[in-house]
Structures are given as C-alpha cells and as structure tokens.
Amino acid sequence: MVVVAGIDVSKATLDLSISEGPVLSFENSATGIRRLLKHMDRAGVTKAVCESTGGYERLVVGKLRETAFSVQVAHPLRVRAFARACGYEAKTDPLDAQVLSRYGVVFSESDAAQSDVDPDREELRQLLSRRRQLVEQRVRERNRLDKGVSASVGKSISRNIRWLDREIERLEEEYKELLKHNASLSETAELYQTVPGVGQLTAATLIAYLPELGRWDGKALTSLAGLAPWSRDSGQKRGNRSIRGGRGMVRRALYICAWAVLRTDGDLRDFYQRLRGRGKPGKVAVIAVARKLLMQLNAVARRGTAWVKQHASNRVPLHAAQA
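Residue numbers (our numbering): 47 to 369.
What follows is the structure, given as structure tokens:
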C-alpha cells in the first residue's frame, strides 16, 4: 500500500502531513530532516511529495533520495490548480502539506517520474543555473549603458560588466572540467554534439535538465521540453496552438540551436522553408525545427551511437511538425 507524505517546504521549516493527517513541523536543516525521516519511517511512508521552491527543497530532496522513499517534486502551479479543484481556496503551509499528500495519491502514476540524480549532474545543473543568472544580469547592465547615464555611473556599470565577463568565463571552465572528469557525462555530451547545431553548452544543458532523453517517447519529451503545441479549441472555434510550460532552460537551448542549424543543415533549412512556404510564421517554423532536433537527440541517446543523417524517405512528414 502506498502511504504518501506531503512536505511543504519553506526557508526555515518543513511542514509534514501523512495521508492528509495532522501536520507536524520540522526545521529545514540537517537535524530537522533527520527527525522528519525517522517520523516518516515509523509511519510507514513509501512516497514523499513536495513542491519546487527555487532551491529550499534541495536539502530535503537530496536526503530523501538517499533513502528508500520515492520522491516526487511537483510543479507549484499544478499543485495550486489541484488545490482549487478540490475546493481549497485558502493557502497556508499546513494546508499545503495536506494538499500535497492528496496530490501524491491522485497523481502517483501520471506525474513526471523523478530521474536518478547523481551529485555531478546536480552540480552541473547549479553551475549552468548560476551562469544563466549572470548572463541575464550582464544583459541588464549593458542595457543600462544605453540609458544616457552619467560618466561615473557608466564607469561603475562597465566595471561590473567586466567582472561578470570574468565570472561567466570561470563558470564555463568549471562546468567543462566537470564534464571532462565524469566519464559517463563526458561521453553523453560528445554523443549529443554529433547532432548538427548542438554545441557543448547545449549538450551540458540537456544532460543537466533533460535526463529523460533516450528513455521517454517523442510526445512526452516535447511536452517536457515545452515544445509541444497545445490546442485552444472550443465547440466550433479553432484557436491557434501555442507552446507553453515545460523546462525553460531546455526550450531556450533548443530554440537557439534551431536558429544555428538553419545556417548549416540543408535538410532542416529546406524543412523550415517548406513550412514558411505553407504560411507558417517564422517563429512557429523555428519551433518545429527545434522539435526535430529534440527527436534526433532522443534517437541518439536511445541508440547510444553518433547521429547519422537521415535519408529523404525517413524524414518526418510536414504535417507532423506543424504548430
């Protein structure tokens, strides 16, 4: 029998509810987590569910994955929508813990399965996340230089940009060293880079944020990567399909790759131009190319062999990639 524990995570505390029962509070610290795990073990818990909180959940999730407990990290928006569907309009930490417990029962099979997380993959994810933060900060600083700032302020901004440049370079060296010294991750990165348009940064992003590559089917992966076109139909109305959700880091990486590959790969460039000739907007056609890249990467990961260019007879039909 599955016994589900809902854990609402905050910076200081962990609120625990087992089978929607009374809520107990523990410190979000190594000591508090040990007490929480002992309580869960005594209660016969088999699965724990918490929300992604931007980092506060990392310690408890890491400790849970070292035990026999199954762990599910749910998307906060889905949990909130589920709570409203169950009639819970109020939002408190104890109530959230009980909702998470029920959510884990209802979506025990259909929610995204948690992949095995090794320390190097988690470190890679954090390095890439930090790099993205600094790149975004550098863009904001460069934009400030265009706002007619005074000379002294301009010098301050320029100094900060130079520091950001150095720090970004340092992070890039660190994630490359991490890949080099982990044989499995290094081999996977090299495999992904055999696909046209995929560079080292994209390969590292896929390793860190899409470990399901090679194990999931195409439709599930496109949804997970945020590249699936969702319908907006009602009655006789047929709305425009659009992409949303998924893992933003993966979507951004594949979108940039799609633009790059259009300058180098004749087949994908022809595919893009056929879509444009059918009246598809440029951005929609690029997303279709990104989906094809994802399918190529999935095939490479599944086979464990380098990418081989497809014959014309094996190309994906045009209608299958329309958005």
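Where a beta carbon is used, it is the ideal one built from N, C-alpha and C, also for glycine. From a predicted model like this one, the values you see are computed outputs, not experimental measurements.
query: Best match in 98, 301, 122 and 257 for proximity to residue 170 [C-alpha to C-alpha]; result: 257
query: Three-state secondary structure assigned by DSSP to residue 194; result: coil
query: Three-state secondary structure assigned by DSSP to residue 244; result: coil
query: Whether residue 52 touches residue 129 by CB criterion (8 Å); result: no
query: Opening and closing residue of the alpha helix (DSSP H) in which residue 232 lies; result: 229-238
query: Buried or exposed (CB count within 10 angstroms, at least 16 for buried), residue 316; result: exposed
query: As assigned by DSSP and simplified to three states, the class of residue 330; result: helix
query: Candidates 324, 347 and 238, of which the one nearest residue 303 by Cα; result: 238
query: Backbone CA spacing between residue 100 and residue 314 [nearest angstrom]; result: 36 Å
query: Status (buried if at least 16 other CB within 10 Å, exposed otherwise) for residue 133; result: exposed
query: Through-space distance from residue 149 to residue 157, alpha-carbon basis; result: Low per-residue confidence applies at residue 157: pLDDT is 41, beneath 50, and the placement is therefore not dependable, though the value from the model is reported in the following sentence. Each residue's alpha carbon lies about 10 Å from the other.
query: Within 8 Å, strictly: CB atoms of residue 93 and residue 50; result: yes
query: Nearest candidate by alpha-carbon position, reference residue 91, set 337, 331 and 82; result: 82
query: Length of the line joining the Cα atoms of residue 59 and residue 201; result: 43 Å
query: Minimum C-alpha distance to residue 182 - residue among 263, 211 and 205; result: 211
query: Proximity below 8 Å, CB of residue 152 to CB of residue 118; result: no
query: Meets three-Cβ-pair contact criterion under 8 Å: the stretch 334-346 and the stretch 233-247; result: yes
query: Which of helix, strand or coil DSSP assigns to residue 125; result: helix
query: For residue 316, three-class secondary structure by DSSP; result: helix
query: Nearest-angstrom Cα separation, counted from residue 125 out to residue 135; result: 12 Å
query: Neighbour-count burial assignment, residue 138, 16 or more Cβ in a 10 Å radius; result: exposed
query: Length of the line joining the Cα atoms of residue 131 and residue 66; result: 16 Å
query: Where residue 142 falls: helix, strand or coil (DSSP); result: helix
query: Cβ neighbour criterion (16 or more within 10 Å) applied to residue 295; result: buried
query: Same chain, Cβ closer than 7 Å to residue 113, five either side skipped, listed in chain order; result: 83
query: Cα-Cα separation, residue 105 to residue 323; result: 51 Å
query: Residue 348 and residue 253 closer than 8 Å at C-beta; result: no
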